[in-house]
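Those protein sequences? They're chains A and B, same order as listed. Everything in the first sequence is counted per this note's numbering, starting at 3 for the first residue and increasing by one. Everything in the second sequence is counted per this note's numbering, starting at 6 for the first residue and increasing by one. Comments concern the structure below.
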Amino acid sequence: MVRRVACALALASCAATAAPLKVDEVARGVFVHQGATLVLDAPGHDDIANIGFVVGQRCVAVIDTGGSVRTGRALRESISAHTKLPVCYVINTHVHVDHVLGNAAFKDDKPAFVGSAALGPAIEASRRYFVEHYPDDVETSAQIVGPDTAVATTRELDLGGRTLTLRAFPKAHTDSDMTVFVGDVGLLWTGDLLFIGRVPALDGSAKGWLAAIDELAKTHPKFVVPGHGPVSHDLAAALAPERRYLETLVEGVRKEIADGKPIEDATAHVGQSEKANWQLFDTANAHNVSLVYRELEWE
Amino acid sequence: MAGSASAADPAPGGAWQLLSGHYYPNREFGEVDEGFMHVEAPMSTPDPAATPVSLHFGDAARGRIKQVRLFIDNNPSPVVATLDVGTAQPISEIDFRVRVDRATAVRAVAETTDGKLEMRSAWVRAEGGCSAPPAASGEGKVGDVRFRSADEGKSLQVGIRHPNYSGFQIDPKTGDPIPPHYVAHMKLTAGGKPLVEIESGISISENPTFRIVSDAPIATPVTLEASDSKDAHFSATWNGAADRAVAAAGTH
Chain A
3 MVRRVACALA LASCAATAAP LKVDEVARGV FVHQGATLVL DAPGHDDIAN IGFVVGQRCV
63 AVIDTGGSVR TGRALRESIS AHTKLPVCYV INTHVHVDHV LGNAAFKDDK PAFVGSAALG
123 PAIEASRRYF VEHYPDDVET SAQIVGPDTA VATTRELDLG GRTLTLRAFP KAHTDSDMTV
183 FVGDVGLLWT GDLLFIGRVP ALDGSAKGWL AAIDELAKTH PKFVVPGHGP VSHDLAAALA
243 PERRYLETLV EGVRKEIADG KPIEDATAHV GQSEKANWQL FDTANAHNVS LVYRELEWE
Chain B
6 MAGSASAADP APGGAWQLLS GHYYPNREFG EVDEGFMHVE APMSTPDPAA TPVSLHFGDA
66 ARGRIKQVRL FIDNNPSPVV ATLDVGTAQP ISEIDFRVRV DRATAVRAVA ETTDGKLEMR
126 SAWVRAEGGC SAPPAASGEG KVGDVRFRSA DEGKSLQVGI RHPNYSGFQI DPKTGDPIPP
186 HYVAHMKLTA GGKPLVEIES GISISENPTF RIVSDAPIAT PVTLEASDSK DAHFSATWNG
246 AADRAVAAAG TH
């Protein structure tokens, strides 16, 4: 308790001794920390996304950095505990706070910060919002670190002895989604294009997300790291519930619109058949439906 | 989730004290019952950038309301819209979609044909509705108009394709705020008679959408004349059920 108070008073000095995040080596040289299933205003909300790192022979690539500078520093400690190799890349799978706010913890490593070509603009548009709404997680606007390396479609990153293949997607979960494929072990890191267990949160295009699911389903990785939820070994099975959920929303909303129902009727009804299938369903479903309605009403 | 507050004023003082002094100096607000008018809004909005707000008018209010003003006390621009209501069509409900920036009273003040003021309100919890980036798909052209009717023509939704920039959204390319640009005026007629005339501002959501519900089928044709804050003009006509869900292109 005393230590927690001291941390609150002197975040910076405390961070230097941050306890390492628990990570699992899910495939050779690929380490994953599984985030908690919490809402964005709960204690511990800065550690809800899956984050981790890939170790090559020359250097390390970080994939997503957590929802606070604090979480990013704890991830940095985990890397130090596993390897003395430098961090040469920090990759963000999309713009959301739980995946990007830890970036500042890696500035001293002077890595390339890599994201979809849409990530930089998305971070600029959100910078003020992040500082105002997550003051305990990021101290200044300057601590919100955007990408300096943009991926328009695909790009390969060489870590020495292993290559990461990055792939940017059109508007889906967000407008800045990107996946990472670690070819030598057959591991696909999906970012939030895949939710397992936790209800998918839409912040882009439902139609685009379904199209991205179709694209992902054409690949056959041995390991799948979702944005939220446990590591899977069966991509098709892992995608099925998410596809069913999004299709339920699209079909349900199309019917509400065709029947002349207003948006509040749609948010009250659509998707409820999926309620038992997802964690934190009530925290996201109505918002998802509202966005789907606004997307589809101009079809 | 959806609830309507029963208190006439859940948040006395604060922003409302200033607003009422400005818009209604030295005026008294009548004690009204739910049967006259009430405001329905979600207690905690699922979508701060497009929060549904409904004004319901009871039998006692039909044909007796001259003007209604909708306020969101704690928004940067609290006056959402001012509506001049026609008397030819008995209106039972008008729905809006609004941006809500933070927890606030959403209130409607009706001025009756005999010059009295009646007020109802609801409390909404929200965060960030005015600065939320545009969300709807980018397809379509500014000024496109879409009518949708339901309930045997007794309800009509009218939407205008327009970014309705609030002035608090950030341009991703520059990091600076996008200047406000919004639908400022809409005039709807039904069967040649005034239905409603709406002056609106930046608290109205992207792609401004209104829904009007009447006791009787809404007379046709319905015409819309609208203009925005940069003086672009849009118009459209809807001829009834045959035009169901048909978009009529606006003119610029």
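Where is the CB? At the ideal position from N, CA and C, for every residue including glycine. Keep in mind that this is a model prediction, so the values were computed, not measured.
- Listed along chain A, no residue sits closer than 7 angstroms to B:Ala241 by beta-carbon distance, the nearest being about 14 angstroms off.
- DSSP places B:His43 in the uninterrupted beta strand (DSSP E) bounded by 42 to 47.
- Identification of residues in the segment 120 to 139 of chain A having a C-beta nearer than 9 angstroms to some C-beta of chain B yields Ala120, Gly122, Pro123, Ala124, Ile125, Glu126, Ala127, Ser128, Arg129, Arg130, Tyr131, Glu134, His135, given in sequence order.
- Contact between the segment 61 to 72 of chain A and the segment 97 to 110 of chain A is established, with three or more Cβ pairs separated by less than 8 angstroms.
- According to the DSSP assignment, A:Phe183 belongs to the beta strand (DSSP E) that extends over 180 to 184.
- Listed by position along chain A, the residues whose Cβ is nearer than 7 angstroms to that of B:Lys178 are Pro123.
- Considering only beta carbons, no part of the segment 103 to 115 of chain B lies closer than 8 angstroms to chain A.
- In its chain, beyond the 5 residues on either side, Ala208, Lys209, Leu212, Val294, Leu298 have a beta carbon closer than 8 angstroms to the beta carbon of A:Val252.
- Contact between A:Phe183 and A:Ala214 does not hold, since their C-beta atoms are separated by about 14 angstroms, which reaches or exceeds 8 angstroms.
- When CB distances to chain A are screened at a threshold of 8 angstroms, the residues of the segment 147 to 166 of chain B falling below it are Asp149, Arg151, Arg153, Ser154, Ala155, Asp156, Ser160, Gln162, Gly164, Arg166, in chain order.
- For B:Ala55, the residues of chain A that pass the 9 angstroms Cβ criterion are Ile265, Ser292, Leu293, Tyr295, Arg296, in the order they occur in the chain.
- A contact is defined here as three or more CB-CB pairs under 8 angstroms, and the segment 73 to 85 of chain A meets this definition with respect to the segment 47 to 57 of chain A.
- Linking B:Ile96 to B:Phe76 through their CA atoms gives a straight-line distance of about 20 angstroms.
- B:Pro168 and B:Ser208 have their C-alpha atoms some 12 angstroms from each other.
- B:Thr118 is positioned such that its CB atom lies closer than 7 angstroms to that of B:Arg69.
- Taken through DSSP and simplified to helix, strand or coil, A:Leu121 comes out as helix.
- With respect to chain A, the C-beta atom of B:Gly134 has no partner C-beta closer than 7 angstroms.
- The Cβ atoms of B:Gln94 and B:Leu23 lie no closer than 7 angstroms to each other.
- A Cβ-Cβ distance of about 6 angstroms is found for the pair A:Val116 and A:Pro149, placing them in contact under the 8 angstroms criterion.
- According to the DSSP assignment, B:His27 belongs to the alpha helix (DSSP H) that extends over 20 to 28.
- Scanning its chain for C-beta atoms nearer than 7 angstroms, with the 5 sequence neighbours on each side dropped, one finds around B:Thr92 the residues Gly68, in chain order.
- With contacts defined as CB atoms closer than 7 angstroms, B:Val58 and B:Val111 qualify as a contacting pair.
- DSSP places A:Pro243 within a helical segment (H, G or I) once states are collapsed to three.
- At a cut-off of 7 angstroms between C-beta atoms, A:Ala288 counts as an interface residue with respect to chain B.
- Among the CB atoms of chain A, one or more fall inside 7 angstroms of the CB of B:Pro138.
- Interface with chain A (7 angstroms Cβ-Cβ cutoff): B:Ile175 is included.
- Put simply, the segment 156 to 166 of chain A does not touch the segment 119 to 127 of chain A. Fewer than three CB pairs are less than 8 angstroms apart.
- By the neighbour-count criterion, in which 16 or more other beta carbons inside 10 Å mark a residue as buried, A:Thr192 falls on the buried side.
- For B:Val90, the three-state secondary structure derived from DSSP is strand.
- With a minimum length of 3 residues, the unbroken runs of beta strand (DSSP E) contained wholly in the segment 67 to 99 of chain A fall at 89 to 93.
- For the C-beta of B:Arg216, the chain A residues within less than 7 angstroms are, from N- to C-terminus, Pro264.
- A:Val153 is a Cβ neighbour of A:Ser118, given a cutoff of 7 angstroms.
- Comparing alpha carbon positions, the residue from B:Phe101, B:Thr50, B:Asp89, B:Thr228 closest to A:Asn287 is B:Thr50.
- Residue contact with chain A for B:Asp52: present (Cβ-Cβ distance below 7 angstroms to some residue of chain A).
- Listed along the chain, the chain B residues whose CB falls inside 8 angstroms of the CB of A:Glu217 amount to none; the nearest CB is some 19 angstroms away.
- Taking a Cβ-Cβ cut-off of 9 angstroms, B:Gly63 has no neighbours in chain A, whose nearest Cβ is about 20 angstroms from it.
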